[in-house]
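Protein chains in written order, with the numbering used here: chain A, 2 to 544; chain B, 960 to 1267.
Every residue gets a Cβ at the ideal spot worked out from N, C-alpha and C, and that includes glycine.
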Amino acid sequence: MRYSHASKAVVLSAALALTLSACGGGSTDSAGGEGDGSYVVTANTTEPQNGLLPANTNEVGGGRVMDLLFTGLVSYDAKGAPVNELAESIETTDSQNYTIKIKSGETFSDGSPVTAASFVDAWNFGAAAKNAQLNSYFFESIKGFDKVNAEKSTEDKMEGLKVVDDTTFTVELSQPESDFPLRLGYTAFMPLPEAAFEDPKAFGEKPVGNGPYKLTEWNHDVNLKMDVNENYDGPRKAANGGIDFKVYQSTDSAYQDLVSGNLDVLDQIPPSQLASYQSDLGDRSVNSPYAGNATITIPGYLDHFKQDEEGNLRRAAISRAIDRQLIIDKVYQGGKVIAKDFTAPVIEGYDDSLPGSEVLAFDADEAKKLWAEADKISEWDSGDEFSIGYNVDGAGNKEYVEAVVNQLKNNLGINATAKSFSSFKELRAKVTSYTMTGGFRTGWQADYPSLYNFLGPLFGTGAGSNDGKYSSKEFDDALAKGLAATDAAEGAKIFNQAQEILFKDLPAIPLWYQAVQGGWSENVSNVEFGWNGVPIYNEITGK
Amino acid sequence: MLSFMLKRIAQLIPVFIGATLLVYFLVFATPGNPIDALSGGKPMSDATRSALEAQYNLDKPFWVQYGLYLKNLVTFDLGTSFSGQEVSALLGRAFPVTARLAILALLIEGVFGVIFGVIAGMRKGKWFDSTILVASLIVIAVPTFVLGFVLQFVIGVKLEWVKPTVSGAATWGELFLPALVLGLVSLAYVVRLTRTSVIENKSADFVRTATAKGLSRNRVVSVHILRNSLIPVVTFLGADLGSLMGGAIVTEGIFNVPGVGHLLYQAIQKGETPTVVAIVGVLVIIFVVANLIVDMLYALLDPRIRYA
């Protein structure tokens, strides 16, 4: 919470959270054809919050740099489909045991070889509790994670990872998970050269990677300069002469630099300019959905909102009392997309008309009816208050939460209030200790493009980000079944069926999908934004 | 004089310890856990969480944390930020930038403030005086961020005389516009303060005497009126240096100046105690030293004041 600090994550979701990778792929030929291939593109960023180690980079500022600096087994194209990078093959017969072969002869930018051990060692390092890496939870499916990530554990070798030879290693998971190969493009799964483990802290300051770019300069709080890595020969080859990331404290100042031609690419239009950026920039701007959403969680431990018939009726009533489109138009100038499920439209397998999704449609009469039905089970005292918590350090939070609260007041006739928290960390501390006294704003940005990533970590029983303490055996079983499916399309179908259970219980109330509003200068062309809302930097060319 | 200075410098020690203790406690007492900001709402296992807490001493009680901080401070170790950088390195980068910004702002408000103030005071009631009074009132009334955005837009984006934001080097030239914005409100105060003071002294006995002695008007104004009028102005400027350095957050944000304000804001958001305490500690020293310099200047400006 790039509070950002006005990081995109702070602004848009519950999370300073972040994600990942940009990664394009595929269309380098179209990029290389015209335009100036030696032009150095300037782009905005925030100061990376941690040293640049794959398993320790969990926010946008560092994430976008890591994705250019490293390349893993796969990367994602603009639509979020995985494309093989270093992987020659990823094979499994049971979704639990994987044999991974990597291309031979690949090197890091310092010349050291990329071998099977570069992956295994990096993953083991990321998983071990003693290394305190923020992305360690990404390795939790690998067998042996619970041993290396136990309190005070000094072990750092997971039994599920085995090097077979220089270019082959095997992965054993503790249960079948069909979307494991999809995750492998996330920053946490990048390989590391041996030198990294000698002094991880020093390496994090001067990382050596194997991606399309290398980091040549990092002037803290000022800029990060990236040069083209000539050794890289994958689908994301650079079509420009390098990227100069400039650190901005606010997107407002970045926007002024953009319109005056001092910045080439801006990946977030400041809220103050949302009404006018399209007329300022014309066809040099974009407004497109990416893999993130905003929700309101009403935890099942609240009176009247238990996970029972009354609670479900009340949550459904609240959901139907919110006129999402009106808020999108008034607060965001149309810069969001109304939600129709719990995931996001850019994800493979997304379905905008799942049975039960009508509970997300605005209908004030129906809302009143549902609320009245709940009252028959247990009376809502007119003195009772329903609050929605938000953190004031994220731009726009106050505006939309207050709008929701006003609609609840008007459409349900209840005493609803917006409850402010001074900071993201204060709100999260209350949420994660399950001591909230009302609903609260949440949101999710996908780490990797998969339906499961929007469901498992948030609504699985006991899952790490299950803020509402939701628990449904039926839903858990559906998830397990979806993960065990060996066919991706079949898996997606089962995950969508699992969503039908969520529509009934509404552990979170989806509001809208996030969209990225970005712009670029007259100096560059071929600017496209990826599935995760990050510009595909390697394809940008000078004019 | 020397013993007076030494006494004042010795006072720094308790002030410094008191201030760091207070700030350390305030950051400690802010609700929420810094680890939640680090994880960004994403899942984190208990084992990883406790490893992180141990790494930053967050698992220890307040007095132990503060004690460890002081212990390291004695060896000039200011601790590390969550991003793994030495806090001393962070300060080493940010403070020179903010110092340049604040000194430039102080020069602008001091030089222009006194000149305009003297002219307005000497021509009380004339058009120049009235214009200055109205203009300074407007500047005081308009919030800094509005002034900043307007000047940035007009001079940086429309006229393109300068770039809208400051580069990483933050040179004196680049900092002129931000310094003007930062110093403008104080400039208005300095003008008004000087003007009032000049008007008061203009009719003082010693000025009448000087004029009666047949001294030139220039000498009367610069030596007799101005020198005596400067005491309140110098007091104001001295106190203002500290506020300019600590209060540049808004201006630094508008012009993207990589200075102390942004660093402090980020550190508070993240609950990064060592960084917050170090910045405030340095600001406290600057305040105290600036006040000492002001006291020294009194003696120069008014011969009746002597320090023993």
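Taking the Cα positions, residue 1095 of chain B is about 12 Å away from residue 1068 of chain B.
Across the set B:1220, B:1085 and B:1166, the C-alpha of B:1220 shows the shortest separation from the C-alpha of residue 1242 of chain B.
When C-alpha distances from residue 383 of chain A are compared across A:239, A:525, A:163 and A:414, the shortest belongs to A:414. Against chain B, the CB of residue 464 of chain A has a partner CB under 8 Å away; the residue lies at that interface. With respect to chain B, the C-beta atom of residue 133 of chain A has a partner C-beta closer than 8 Å.
Annotated three-state conformation of residue 248 of chain A is strand, per DSSP. Under the three-pair Cβ rule at 8 Å, the region 89 to 99 of chain A counts as touching the region 172 to 180 of chain A.
In the three-state scheme derived from DSSP, where H, G and I count as helix and E and B as strand, residue 361 of chain A is classed as helix. Contact residues of the region 1220 to 1235 of chain B toward chain A are 1220, 1221, 1222, 1224, 1225, 1227, 1228, 1229 and 1230 (C-beta to C-beta distance below 9 Å).
Around the beta carbon of residue 422 of chain A, 16 or more other beta carbons sit within 10 angstroms, so the residue counts as buried. At the C-beta level, residue 512 of chain A and residue 317 of chain A stay beyond 8 Å of one another. Under the Cβ criterion (8 Å, minimum of three pairs), the region 1183 to 1202 of chain B does not count as touching the region 1017 to 1029 of chain B. Residues of the same chain with a CB within less than 7 Å of the CB of residue 339 of chain A, apart from the 5 flanking positions on each side, are 325, 326, 329 and 513 in chain order. The Cβ of residue 223 of chain A sits closer than 8 Å to at least one Cβ of chain B.
Judged by DSSP secondary structure, residue 161 of chain A falls outside any beta strand (DSSP E); it is assigned neither H nor E.
In this structure, residue 521 of chain A lies near residue 265 of chain A, with their beta-carbon atoms less than 8 Å apart. In the DSSP assignment, residue 228 of chain A falls within the beta strand (DSSP E) that extends over 224 to 229.
Approximately 5 Å separates the beta-carbon atoms of residue 86 of chain A and residue 72 of chain A; this is inside 8 Å, confirming the contact. Residue 537 of chain A carries a coil assignment under DSSP once its states are collapsed to helix, strand and coil. Nearest C-alpha to residue 1119 of chain B among B:1103, B:1136, B:1105 and B:1262: B:1136. Among the residues of chain A, those whose CB is under 8 Å from the CB of residue 1003 of chain B are 135, 137, 138 and 465, following chain order. Using a C-beta cut-off of 8 Å, the region 1072 to 1081 of chain B makes no contact with the region 1211 to 1220 of chain B, since fewer than three inter-stretch Cβ pairs fall below that distance.
Three or more beta-carbon pairs drawn from the region 106 to 122 of chain A and the region 187 to 195 of chain A are found closer than 8 Å, and the two stretches are therefore classed as touching.
Less than 8 Å divides the Cβ of residue 345 of chain A from the Cβ of residue 292 of chain A. The beta carbon of residue 260 of chain A falls within 8 Å of a beta carbon belonging to chain B, placing the residue at that interface. Taking a beta-carbon distance threshold of 8 Å, residue 394 of chain A counts as an interface residue toward chain B. In this structure, the alpha-carbon of residue 294 of chain A lies about 57 Å from that of residue 1153 of chain B. Contiguous alpha helix (DSSP H) elements confined to the region 54 to 136 of chain A occur at 61 to 70 and 117 to 128, taking only those with 4 or more residues. Across the set A:141, A:199, A:248 and A:401, the C-alpha of A:141 shows the shortest separation from the C-alpha of residue 1006 of chain B. Using beta-carbon distances, residue 1102 of chain B does not count as an interface residue toward chain A, since no partner is under 8 Å. In the DSSP assignment, residue 218 of chain A forms a beta bridge with A:226.
Linking residue 1009 of chain B to residue 1018 of chain B through their CA atoms gives a straight-line distance of about 8 Å.
Secondary structure at residue 1083 of chain B: coil, using DSSP grouped into helix, strand and coil. Using a C-beta cut-off of 8 Å, the region 1229 to 1242 of chain B makes contact with the region 977 to 990 of chain B, since at least three inter-stretch Cβ pairs fall below that distance. Taken atom to atom, the span from the alpha-carbon of residue 241 of chain A to that of residue 469 of chain A is near 46 Å. Excluding the 5 residues flanking it on each side, residue 1264 of chain B has same chain C-beta neighbours closer than 7 Å at 1257 and 1258, in chain order.
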